[in-house]
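Asks: Read top to bottom, the protein sequences are chains A and B. Be aware that the first sequence starts at -4, since it is given in this note's numbering, and climbs by one per residue. Be aware that the second sequence starts at 4, since it is given in this note's numbering, and climbs by one per residue.
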Amino acid sequence: MDKLLEVNNLTKRYSQGSLIARITLTAVDNISFYIKPAEIFTLAGESGCGKTTTAKIILGFEEATSGAIYHNGKLHTRKEKAWITEGVQAIFQDPFSTFNPLRTVDSYFHETVRNYRLASTKQEAIDRIDQKLRLVGLTYQEFAGKYPNEFSGGQLQRISIARALLTDPKLIIADEPVSMVDASLRMSIVNLFKQLRDELGVSILYITHDLATAYYVSDRIAIMFRGNIVEMGTVEQVLMNPRHPYSRLLRDSIPQADPTKRWTTTVTLAELEQQEYLRQGCRFAGRCPDVMDICKGVVPVDIHIDDVLVKCHKYSDTLVAEQAVASDS
Amino acid sequence: MAEKKAVILRTENLQAFYVLEMQGTKKVVRAVNGVNLEIYENEIYGIAGESGCGKTTLLKTLFNEITPPLRLIDGKIYYRINSDEVDVTSLSAEENRKLRMEYISYIPQGSMSVFNPVLKIKGTFEDFIGSHVNGRSREEILKLAHKRILDLGLPQNVLDVYPHQLSGGMRQRVTIALAASLNPRIMIGDEPTTALDVVVQRGVIQMLKEIQQNLKNTIILVTHDMGVHANVADRIGIMYAGKIVEEAPTEKIFAEPVHPYTQFLINSLPKFGDKTMRDSVPGSPPSLADVPTGCPFHPRCPHVKDICRQKMPDFSQVDENHKVACWLVEEGERHG
């Protein structure tokens, strides 16, 4: 099977306001992407771009308004609990709220082992837990009987990764796994993802706003803006040569740890978030440096240039040329 | 630097500990442990370090906001006010209050807690400015607030809305406008951009730099994000376990870090166009309640020697304005 996870035309709408002044926000707007086995795929974007909503729908915490999700070629519906045991696990942003402060951390591991009947004896369970902990650089001895407050944020995040690994998942959905971890310890988590991909063949859906670690760790990336995927392709193509004006803005706004590369230009910030969601045409038109008349009225379509998907009117010439070729043949 | 810059804030062997007593046992958290700083006029001074290294406590101490359980154990803090050096630790509460906003102001991380949620933004402006400026009418204060908001390029109507109606980035910019409203000589920012999105963060940093350039004042900026420091700071102090371990102009710190900790901090950052393996700083930061003996970094340091475990090194000058506290440098000079 070529595609481990496939998301097709996924849409999620939320209604806001009272009966009279009701507005509908499209948090996720008709997005499609897929993840291959042993691949790290990044969904990047700012807060409110719909990346977490996408993750929640894949995990079954939210129901999609429309669209389909396929796992190993099988359609996935929300009610199928089997989906989770079939090898999808999640890691969340705040490791301190993942674990109950009044419970020892190892009790979570034993609970998972029991729930999924992963071991028949206590010793077997401990061996399995120890094996997974060693993957993240810890051992059973140094962790048994301890409470969450006895670990640092970075350690706790690695523990939650070890817990996710207990069921031997094929896909891990990591929602902002490093944003609460100190910059100096971030690389230990990100390197772990690389190791899981290379040694165990685990695929990772890495959801982040941190493009620098995304570039470092992932194979392919999708940049989301106000519910749309505006650019998608390999990290080399998307981040080293961003085509969409928003991807370029996002990339250039990462403060680079190099005093010779200070910003020389200024940025315009968004009006209200909601206004951008409700905007006609391209949602970035209000801030885009290359804005054209067409952008304010017509929603751009997906255009493929060198295997990169771009959603921008700037490249519509390429589209016309493509269509001409298609109609000729 | 050709000319010697004027020092505006200076500390001498500053020690501020949290002293906690619980059921007869005494616990001492050494959050600021012998810090000597000289911060100049008209510069942005960055303080970097991991969480739990005492950055925020150092800022509180510099702001002279020392309330129990935080106690000033030793050392002095001097502000230079109208060419006189004043020891602020000896000031009365009233004198200290007068310095706030007009001489020194504070920009916190969580901007939601700055504004009164049931007052419009202008209400908070009136409260803050009114309590520090005597004998001005409400109209005058509002005029001042309006002018400040316009100068900084914020939309005029922000004064007439409630805090929850603003986005995080806008709220943070209004907080900064409030902190800058009385043209303070020193502004202290505690992770002012950390919870923000990258594009918004860039806008907020842009605004901070603009204020500094207009007022020609001093900004002391604490953040763990080395990228932010690289972009705004003129000089950087690296803090580890309550001590400053290295200090240099920004370009120098990034080009030639000397302390092993600084080297880890800078080399662990991923860069665009470079996918080579990067490692985290090994181990985890020490607890400030139980700081290792000698150089506090020695349990995590790859170049550790016997002397590192016994004695904290003094500062040695790498060159004129680059100093570092590490035995490697000290020994190197002795042998070389």
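Note that the Cβ used here is the ideal one computed from N, Cα and C, for glycine as well.
Does R337(B) get closer than 8 Å to chain A when you measure Cβ to Cβ?
Replies: By one-based count along the second sequence, residue 337(B) stands at place 334. Model confidence at R337(B) stands at a pLDDT of 38, short of 50, so the residue's coordinates are unreliable; what they give is reported in the following sentence. No, because no Cβ of chain A sits closer than 8 Å to the Cβ of R337(B).
Asks: What do you reckon, are the CB atoms on K309(A) and D285(A) nearer than 8 Å?
Replies: Within the first sequence, the letter at position 314 stands for residue 309(A). Within the first sequence, the letter at position 290 stands for residue 285(A). It is a contact, given that the beta carbons lie within the stated cut-off.
Asks: Taking A236(B) as the reference, give the member of I191(B), R100(B), I76(B) and G245(B) with the closest Cα.
Replies: Locating residue 236(B) in the second sequence gives position 233, where the first residue counts as 1. A236(B) has its Cα closest to that of I191(B), out of I191(B), R100(B), I76(B) and G245(B).
Asks: CB-CB under 6 Å to A22(A), same chain, minus the five flanking residues each way: which ones, in chain order?
Replies: Locating residue 22(A) in the first sequence gives position 27, where the first residue counts as 1. Closer than 6 Å at Cβ, skipping near neighbours: K7, Y9, G45, T48 and G222.
Asks: With a floor of 4 residues, list each alpha helix (DSSP H) that falls wholly inside the region 205 to 285 of chain B, ordered by position along the chain.
Replies: Counting whole runs of 4 or more residues, the region 205 to 285 of chain B contains the alpha helix (DSSP H) stretches 229 to 235, 253 to 258 and 263 to 270.
Asks: With respect to 7 Å, is the separation between the Cβ of I156(A) and the closest non-hydrogen atom of the ligand NAD below this value?
Replies: Absent from the structure shown: the ligand NAD. Ligands present: none.
Asks: By the 10 Å Cβ neighbour count, where 16 or more other Cβ atoms means buried, how is D154(B) classified, buried or exposed?
Replies: For the purposes of this step, residue 154(B) is identified with residue 151 of the second sequence, where counting begins at 1. Looking at its Cβ environment, which holds fewer than 16 other Cβ atoms inside 10 Å, D154(B) is exposed.
Asks: Is the separation between the beta-carbon of F104(A) and that of R158(A) shorter than 8 Å?
Replies: What you label residue 104(A) is simply residue 109 of the first sequence in a count that begins at 1. What you label residue 158(A) is simply residue 163 of the first sequence in a count that begins at 1. It is a contact, given that the beta carbons lie within the stated cut-off.
Asks: Any beta-carbon of chain B closer than 8 Å to the one on T259(A)?
Replies: Taking the first residue of the first sequence as position 1, residue 259(A) is located at position 264. Cβ-Cβ to chain B under 8 Å: no for T259(A).
Asks: Work out the CA separation of T197(B) and L61(B) for me, nearest whole Å.
Replies: Taking the first residue of the second sequence as position 1, residue 61(B) is located at position 58. Taking the first residue of the second sequence as position 1, residue 197(B) is located at position 194. In a straight line, the C-alpha of L61(B) is about 18 Å away from that of T197(B).
Asks: Could you compute how far the alpha carbon of E323(B) sits from the alpha carbon of A85(A)?
Replies: Here the question's residue 323(B) lines up with position 320 in the second sequence. Here the question's residue 85(A) lines up with position 90 in the first sequence. If I take the Cα positions, the gap works out to 51 Å.
Asks: Along chain B, in chain order, which residues have C-beta atoms closer than 8 Å to that of V262(A)?
Replies: For the purposes of this step, residue 262(A) is identified with residue 267 of the first sequence, where counting begins at 1. Going along chain B in sequence order, the residues near V262(A) (Cβ under 8 Å) are V202, R205, G206 and Q209.
Asks: Measuring straight from C-alpha to C-alpha, what distance separates L20(A) and N16(B)?
Replies: Your numbering for residue 20(A) matches position 25 in the first sequence. Your numbering for residue 16(B) matches position 13 in the second sequence. Looking at the two C-alpha atoms, the distance is approximately 56 Å.
Asks: Nearest chain A C-beta to A233(B) closer than 8 Å, yes or no?
Replies: Residue mapping note: residue 233(B) aligns to position 230 of the second sequence, counting from 1. For A233(B), the answer is yes, since a Cβ of chain A falls inside 8 Å of its Cβ.
Asks: Beta-carbon within less than 7 Å of L331(B)'s beta-carbon, same chain only, minus the 5 sequence neighbours each way: which residues are those?
Replies: Mapped onto the second sequence, residue 331(B) falls at position 328. These residues qualify, in order along the chain: H306.
Asks: So what does DSSP say about E44(B), is it helix, strand or coil?
Replies: Along the second sequence, read from residue 1 onward, the residue named residue 44(B) stands at position 41. E44(B) falls in the coil class under three-state DSSP.
Asks: Let me check understanding here. Comparing Cα to Cα, which of R33(B), N45(B) and F267(B) lies closest to I76(B)?
Replies: As a first step, residue 76(B) must be located in the second sequence, where it is residue number 73. It is R33(B) whose Cα lies nearest to the Cα of I76(B).
Asks: Note down the Cα distance separating T265(B) from P285(B), rounded to an integer number of angstroms.
Replies: Position 262 of the second sequence holds residue 265(B). Position 282 of the second sequence holds residue 285(B). Answer to the nearest angstrom: the Cα atoms are 13 Å apart.
Asks: Quick check: the region 237 to 250 of chain B against the region 34 to 53 of chain B, are at least 3 beta-carbon pairs closer than 8 Å?
Replies: Yes, the region 34 to 53 of chain B is in contact with the region 237 to 250 of chain B.
Asks: Please name the residue in R281(B), G126(B), P187(B) and Y106(B) whose C-alpha comes closest to that of Q190(A).
Replies: If you number the first sequence from 1, residue 190(A) lands on position 195. Out of R281(B), G126(B), P187(B) and Y106(B), R281(B) has the C-alpha closest to the C-alpha of Q190(A).
Asks: Going by beta-carbon coordinates alone, are R238(A) and V305(A) separated by less than 8 Å?
Replies: Counting from one through the first sequence, the residue named residue 238(A) turns up at place 243. Counting from one through the first sequence, the residue named residue 305(A) turns up at place 310. Going by C-beta atoms, R238(A) is nearer than 8 Å to V305(A).
Asks: Is there a Cβ of chain A sitting closer than 8 Å to that of I269(B), yes or no?
Replies: What you label residue 269(B) is simply residue 266 of the second sequence in a count that begins at 1. At least one chain A Cβ lies under 8 Å of I269(B).
Asks: Pull up the distance between the alpha-carbon of I327(A) and that of I18(A), whole angstroms please.
Replies: The displayed coordinates of chain A run from -4 to 324. Any statement about residue 327(A) would go beyond what the structure contains.
Asks: With a cut-off of 8 Å, does the C-beta of T253(B) fall near any C-beta of chain A?
Replies: If you number the second sequence from 1, residue 253(B) lands on position 250. Yes, its Cβ sits closer than 8 Å to a Cβ of chain A.
Asks: Between the beta-carbon of H71(A) and the beta-carbon of D200(B), is there less than 8 Å?
Replies: Stepping through the first sequence from its first residue, residue 71(A) is reached at position 76. Stepping through the second sequence from its first residue, residue 200(B) is reached at position 197. It is not a contact, given that the beta carbons lie outside the stated cut-off.
Asks: At the 8 Å Cβ level, is E328(A) part of the contact set with chain B, yes or no?
Replies: The structure shown does not extend to residue 328(A), since chain A is modelled only from -4 to 324, so the question has no answer here.
Asks: How about I249(A): is its C-beta nearer than 8 Å to some C-beta of chain B?
Replies: Counted from its first residue, the first sequence places residue 249(A) at position 254. Closer than 8 Å to some Cβ of chain B, the Cβ of I249(A) qualifies, so yes.
Asks: In chain A, which residues lie with their C-beta within 9 Å of the C-beta of R33(B)?
Replies: What you label residue 33(B) is simply residue 30 of the second sequence in a count that begins at 1. Within chain A, no residue comes near R33(B); the closest Cβ sits about 18 Å away, beyond 9 Å.
Asks: Any C-beta of chain B sitting closer than 8 Å to the C-beta of D253(A)?
Replies: Reading the first sequence from its first residue, position 258 is the one you call residue 253(A). By this cut-off, D253(A) is an interface position.
Asks: To the nearest angstrom, how far is it from the Cα of T259(A) to the Cα of T107(A)?
Replies: One-based indexing of the first sequence puts residue 259(A) at position 264. One-based indexing of the first sequence puts residue 107(A) at position 112. Computed Cα separation, rounded: 52 Å.
Asks: Return yes when the Cβ of A9(B) is within less than 8 Å of the Cβ of R74(B), no when it is not.
Replies: Residue 74(B) sits at position 71 when you count from the first residue of the second sequence. Residue 9(B) sits at position 6 when you count from the first residue of the second sequence. It is not a contact, given that the beta carbons lie outside the stated cut-off.
Asks: By how many angstroms is the C-alpha of V161(B) removed from the C-alpha of I222(B)?
Replies: Indexing the second sequence from 1 puts residue 222(B) at position 219. Indexing the second sequence from 1 puts residue 161(B) at position 158. Going from the Cα of I222(B) to the Cα of V161(B) covers about 25 Å.
Asks: In this structure, how does DSSP classify Q152(A) when only helix, strand and coil are distinguished?
Replies: Here residue 152(A) refers to the residue found at position 157 of the first sequence. The answer is helix: DSSP assigns Q152(A) an H, G or I state.
Asks: In the DSSP assignment, find the unbroken alpha helix (DSSP H) run with R176(B) in it and report its ends.
Replies: Here the question's residue 176(B) lines up with position 173 in the second sequence. Residues G171 to A182.
Asks: Taking Cβ positions, are G52(B) and P250(A) nearer each other than 8 Å?
Replies: Residue numbering aside, residue 52(B) sits at position 49 when the second sequence is read from its first letter. Residue numbering aside, residue 250(A) sits at position 255 when the first sequence is read from its first letter. No. Outside cutoff.
Asks: With a threshold of 16 other CB atoms inside 10 Å of the CB of V121(B), please say whether the residue is buried or exposed.
Replies: Along the second sequence, read from residue 1 onward, the residue named residue 121(B) stands at position 118. The residue in question, V121(B), is exposed, as its Cβ has fewer than 16 Cβ neighbours within 10 Å.
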